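Chemist: Count the sequence shown with UniProt numbering and you get residues 1 to 398, in order. Sharing a structure below in structure tokens format, with a few things to ask.
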Amino acid sequence: MSDHVTSASAPSESTRASFADVFDTDVAGRWTAPGRVNLIGEHTDYNDGFVLPFAIDRSTIVTVGRRSDRLLRVASTFSDVVEEVSLDALDPSAMQGWSAYVFGIAWALGQRGVSLSGGADSPVTGLDLFVESDVPIGAGLSSSAAIECAVAVALTDLWELDVTRPFLASVGQLAENDAVGAPTGIMDQSASLLGRADSAVFLDCRSLDAEVVDLGFTAAGLELLVIDTHVAHEHATGGYAARRASCEEGARLLGVSSLRDVTVSDLPRAEEVLDDETFRRVRHVVTEDQRVLDTVRTLRLDGPGAIGPLLDASHLSMRDDFEISVPELDLAVSVSRDAGAIGARMTGGGFGGSAIALVPRDARDAVSAAVTAAFAAAGFAEPTLFVVHAADGARRLG
Ligand code: ADP
Ligand code: MG
Numbered sequence: 001m002s003d004h005v006t007s008a009s010a011p012s013e014s015t016r017a018s019f020a021d022v023f024d025t026d027v028a029g030r031w032t033a034p035g036r037v038n039l040i041g042e043h044t045d046y047n048d049g050f051v052l053p054f055a056i057d058r059s060t061i062v063t064v065g066r067r068s069d070r071l072l073r074v075a076s077t078f079s080d081v082v083e084e085v086s087l088d089a090l091d092p093s094a095m096q097g098w099s100a101y102v103f104g105i106a107w108a109l110g111q112r113g114v115s116l117s118g119g120a121d122s123p124v125t126g127l128d129l130f131v132e133s134d135v136p137i138g139a140g141l142s143s144s145a146a147i148e149c150a151v152a153v154a155l156t157d158l159w160e161l162d163v164t165r166p167f168l169a170s171v172g173q174l175a176e177n178d179a180v181g182a183p184t185g186i187m188d189q190s191a192s193l194l195g196r197a198d199s200a201v202f203l204d205c206r207s208l209d210a211e212v213v214d215l216g217f218t219a220a221g222l223e224l225l226v227i228d229t230h231v232a233h234e235h236a237t238g239g240y241a242a243r244r245a246s247c248e249e250g251a252r253l254l255g256v257s258s259l260r261d262v263t264v265s266d267l268p269r270a271e272e273v274l275d276d277e278t279f280r281r282v283r284h285v286v287t288e289d290q291r292v293l294d295t296v297r298t299l300r301l302d303g304p305g306a307i308g309p310l311l312d313a314s315h316l317s318m319r320d321d322f323e324i325s326v327p328e329l330d331l332a333v334s335v336s337r338d339a340g341a342i343g344a345r346m347t348g349g350g351f352g353g354s355a356i357a358l359v360p361r362d363a364r365d366a367v368s369a370a371v372t373a374a375f376a377a378a379g380f381a382e383p384t385l386f387v388v389h390a391a392d393g394a395r396r397l398g
């Protein structure tokens, strides 16, 4: 680590449990931001396309104290080390590890034109931040956006910034891209910041127009079951970046600025122009965009009980065309369907993480038991299964 991002304190014997275990400053407030499940629309966000995530009732809470100097200091139940950086020396290339998600937000605010220079009466001061979370890490539920957005709304309030939620989403994305080094799109932060109870966020990633769409799961007697396979994924390297590069290459060869400009009816021509692998990558994105639009229309016209086939088709497209599934996800999906789910798919960036299954409430236990048994029979690690509800987005707690 460079000299301006340091590990300031030695680890204690055990992981700190609270703000007061680590910091001397008074608590100025607590802010929370949720993780998200993407109902449908995978790898479409960075192609200027459509996504339909919802914020979940699993969230990060950041407790913050105001400092009299220019230091940002951050601790987490996740780590025994207190990290610190000066507001005058924010450098994304020097940020690493989990604290990059926090310091990256401060840096990205500055990059996007917010003045961090402070001064005599300025509210822009140093801060102590303590992070805790019940969003499972690396499960595809975006614990990363939860931490970014909790910090973003905390800094907005404490530094008295006059900014919008879509602006904060772009700040979160910039932090994740340039401070963390993960080339992810704007979906996760948008869901975490714009989510509403019992609703999904229908986001056009080109215009950044966002619409809240009623899910109606509860009224329809449905529950959304998350199946965390515990297969670790890593966004900053490997497959995610390679898929993104394939999409850019496909768009370039088709003469469009992004795959958003390709429709299902263009696919026969695309198949003639592209090599087989690039074509399949493109076909996933183009058909997935259409499935998002179809899901929104189906939710509005026919209700959530009718979206199952779209979830199933999305999974097959990711498995066969985009090739981002793993055997654990495929098993979770097929066993869920056989045991009574009305639709199921892997969710998140792929290569691990979680699957989702939309289940009638009275079939939930049977689906859970069947998935757990099938994983044991296959010799896979035991999955964690839990129901999530669509929840409100980031906000101040007190
Ligand atoms: P996902 O977003 O799917 O959970 P990512 O790899 O994008 O997975 O983000 C996980 C990373 O976010 C963790 O490895 C850690 O660096 C950071 N993170 C998430 N939650 C916390 C937390 N409560 N405390 C510290 N770091 C966290
Ligand atoms: Mg993430």
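Note that CB positions come from ideal geometry on N, CA and C, so glycine has one too. Small disclaimer: the values here were computed from a predicted structure and weren't measured.
(1) Check the DSSP bridge columns for THR384 and list the partner residues they point to.
(2) Taking only three categories from DSSP, how would you classify MET346?
(3) Return yes when at least one heavy atom of ligand 4 lies under 7 Å from the C-beta of TYR240, else no.
(4) Got a sec? Which residues, its chain only, sit under 7 Å from ASP88 by beta carbon, not counting five neighbours each side?
(5) Identify, in the order they occur along the chain, each residue of the same chain with its Cβ nearer than 7 Å to the Cβ of ASP290, setting aside the five sequence neighbours on each side.
(6) Whose C-alpha, out of GLY110, ARG260, ALA373, ALA332, is nearest the C-alpha of LEU168?
(7) Should ASP188 go down as buried or exposed, given a rule of 16 or more other Cβ atoms within 10 Å for buried?
(8) Measuring from the CB of ASP162, is there a heavy atom of ligand 2 at a distance below 7 Å?
(9) Check whether the segment 129–141 and the segment 170–180 touch, using three or more Cβ-Cβ pairs below 8 Å as the test.
(10) Heavy atom of ligand 1 less than 7 Å from the Cβ of VAL27, yes or no?
(11) May I have the straight-line CA-CA distance separating SER144 from GLY35, to the nearest angstrom?
(12) Where are the beta strand (DSSP E) runs, 3 residues long or more, that stay fully inside the segment 307–338, in chain order?
(13) Taking ALA191 as the reference, give the member of ALA146, LEU222, TRP159 with the closest Cα.
(14) One question on the structure: do SER317 and THR287 come within less than 8 Å of each other, judged by their Cβ atoms?
(15) So VAL153 packs on ARG337, CB below 8 Å; how close in whole Å?
(16) Rounded to a whole number of angstroms, what is the C-alpha to C-alpha distance between ARG361 and LEU52?
(17) Take the Cβ of ARG112 as the centre, count every other Cβ of all protein chains shown within 10 Å, and call the residue buried at 16 or more, exposed below.
(18) Taking the CB atoms as reference points, tell me whether PHE23 and ASP128 lie closer together than 8 Å.
(19) For ligand 2, enumerate in chain order all residues having a CB closer than 5 Å to any of its heavy atoms.
(20) For the candidate residues ASP198, GLY185, ARG252, ALA197, whose alpha-carbon lies nearest to that of CYS205?
(21) By Cβ distance, which residues of its chain are closer than 7 Å to VAL262, with the 5 residues on each side in sequence left out?
(22) For GLY398 and ARG243, I'd like the C-alpha separation in whole angstroms.
(23) Taking buried to mean at least 16 other C-beta atoms within 10 Å of its own C-beta, is ASP48 buried or exposed?
(24) Mind checking whether LEU222 and VAL359 have CB atoms under 8 Å apart?
(25) Report the residue ranges of all beta strand (DSSP E) runs contained in full by the UniProt domain "Galactokinase N-terminal" (18–65); include only those spanning at least 3 residues, in chain order.
(26) May I have the straight-line CA-CA distance separating TRP98 from THR63, to the nearest angstrom?
(27) Report the option in ASP121, LEU141, ALA75 whose CA atom is closest to the CA atom of VAL58.
Modeler: So, from the listed chains and residues:
(1) ASP228
(2) strand
(3) This structure lacks ligand 4; the ligands present are ligand 1 and ligand 2.
(4) ARG70
(5) A quick correction: the sequence has Gln, not Asp, at residue 290. Same-chain partners within the cutoff: VAL264.
(6) GLY110
(7) buried
(8) no
(9) no
(10) no
(11) 8 Å
(12) none
(13) ALA146
(14) yes
(15) In fact, because the Cβ distance is near 38 Å, the residues do not count as touching under 8 Å.
(16) 22 Å
(17) exposed
(18) yes
(19) SER142, SER144
(20) GLY185
(21) LEU254, VAL256, ALA270, VAL282, VAL286
(22) 41 Å
(23) buried
(24) yes
(25) 27–40
(26) 16 Å
(27) In the sequence as displayed, the identity of residue 58 is Arg instead of Val. Of ASP121, LEU141, ALA75, the residue nearest in Cα terms is LEU141.
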